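Novice: In UniProt numbering, the protein residues as written are 1 to 92.
Ideal Cβ positions, reconstructed from N, Cα and C, are used throughout, including at glycine.
All figures in this text were calculated on a predicted structure; none of them were measured in a lab.
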């Protein structure tokens, strides 16, 4: 397991995926509220990380965003949300 801190954000722990042993899973709280914005963010991330898996749960009060990936992309994911003027912080 790998842990690190990103500025004011909580420590992040990358957990191995039980579905795919070599993948990592991270979960984030966001302020994305509609499917159009969610789809746009996923499209941008899939273009940059075609081997990653991304999904939102917009019905959850935390507007949860989950990622499954083979390499560490957390900093890039958070940066993408900031560029698009959304909040994205890790949930542990």
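Cβ of residue 31 within 8 Å of Cβ of residue 65?
Specialist: No, the Cβ-Cβ distance between residue 31 and residue 65 is not below 8 Å.
Novice: Enumerated in chain order, which unbroken segments of the beta strand (DSSP E) with a length of 3 residues or greater are wholly contained in the segment 35 to 84?
Specialist: Those beta strand (DSSP E) runs which fall completely within the segment 35 to 84 and span 3+ residues are 53 to 57 and 64 to 69.
Novice: What residue does the beta strand (DSSP E) around residue 86 start on, and which one ends it?
Specialist: Taken as a continuous stretch (DSSP letters only), residue 86 belongs to no beta strand (DSSP E), as it is neither H nor E.
Novice: Looking at the structure shown, is residue 33 part of a helix, part of a strand, or coil, going by DSSP?
Specialist: If DSSP states are grouped into helix, strand and coil, residue 33 belongs with coil.
Novice: Of the choices 81, 48 and 33, whose alpha-carbon is the least far from that of residue 59?
Specialist: Of the listed residues, the one whose Cα sits closest to residue 59 is 33.
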